[in-house]
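Colleague: Numbering (our numbering), first residue to last: 93 to 275.
Have a look at this one.
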């Protein structure tokens, strides 16, 4: 089993550390309006918007791979995709490789909705950053990168079949990243 970095010895977190992180989580989920009925005035919940964003980022994807990619309960994902399909934002078809598997893709309306959400999200983040001077913006971005790095430190890389849903999700995300960087 390979690891992305050497494992550090674990220690028991202090109750102050746990309380501080929980307070930050409450602050941040309120800031990004996770619990609002409509995310960014889109008519979608935060969860629906997140699923749409992932489909756009990865491209057409089978439902099982999407479920694993987002670590979602199969029932929750099914209900979310059904709602998105009723809204005309995604289409769900049988996979060409395995007719039992379902593939999900954005419709043109879904692509426009993700673009709208991305623009509104960029505006929200820009409003957060606007009152900060350049040095404070740099510190905030560095702190967020550090949080992401520290919370991702437990990731381990292990060999997998290239045909596994996990490997396919990684390959799809990799190709989407290349497409985004090099149109």
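From the three backbone atoms N, C-alpha and C, an ideal C-beta is built for every residue, glycine too.
On the DSSP bridge list, what partners appear for residue 153?
Modeller: Partner(s): 196.
Colleague: Evaluate residue 131 with the Cβ neighbour count: other Cβ atoms within 10 Å of its Cβ, from every protein chain shown; 16 or more gives buried, anything less gives exposed.
Modeller: Buried, by the Cβ-count rule.
Colleague: How many whole angstroms separate the CB atoms of residue 196 and residue 145, which I take to be in contact at a CB cut-off of 8 Å?
Modeller: Between residue 145 and residue 196 the Cβ distance is about 13 Å, and since that is not below 8 Å, they are no contact.
Colleague: Can you list, in chain order, the residues of its chain whose CB lies under 8 Å from that of residue 192, leaving out five sequence neighbours each side?
Modeller: So the qualifying residues of the chain are 186.
Colleague: Below 8 Å between beta carbons: does that hold for residue 160 and residue 265?
Modeller: Not a contact, by the Cβ cut-off of 8 Å.
Colleague: Report buried or exposed for residue 105, applying the criterion of at least 16 other Cβ atoms within 10 angstroms of its Cβ.
Modeller: So residue 105 counts as exposed.
Colleague: Quick test of the definition: if touching needs 3 or more C-beta pairs under 8 Å, does the stretch 127-143 touch the stretch 166-173?
Modeller: Judged by Cβ distances under 8 Å, the stretch 127-143 makes contact with the stretch 166-173, as three or more pairs qualify.
Colleague: What does the alpha-carbon distance come out to for the pair residue 227 and residue 241?
Modeller: Those two C-alpha atoms are separated by around 21 Å.
Colleague: For residue 217, count the other beta carbons within 10 Å of its own beta carbon; 16 or more makes it buried, fewer makes it exposed. Which is it?
Modeller: Residue 217 comes out exposed.
Colleague: Counting C-beta neighbours from all protein chains within 10 Å, is the total for residue 239 16 or more, i.e. buried, or is it exposed?
Modeller: Residue 239 is exposed by the Cβ-count criterion.
Colleague: Per DSSP, residue 128 forms a beta bridge with which residues?
Modeller: Bridge partners of residue 128: none, in fact.
Colleague: State the DSSP-derived secondary structure class of residue 245, mapped to helix, strand or coil.
Modeller: Coil at residue 245, not helix or strand.
Colleague: Tell me residue 184's beta-bridge partners as DSSP assigns them.
Modeller: DSSP output for residue 184 lists 196 as bridge partner(s).
Colleague: Looking only at C-alpha atoms, which of 135, 180, 235 and 177 sits nearest to residue 116?
Modeller: Checking every option, the nearest Cα to that of residue 116 belongs to 235.
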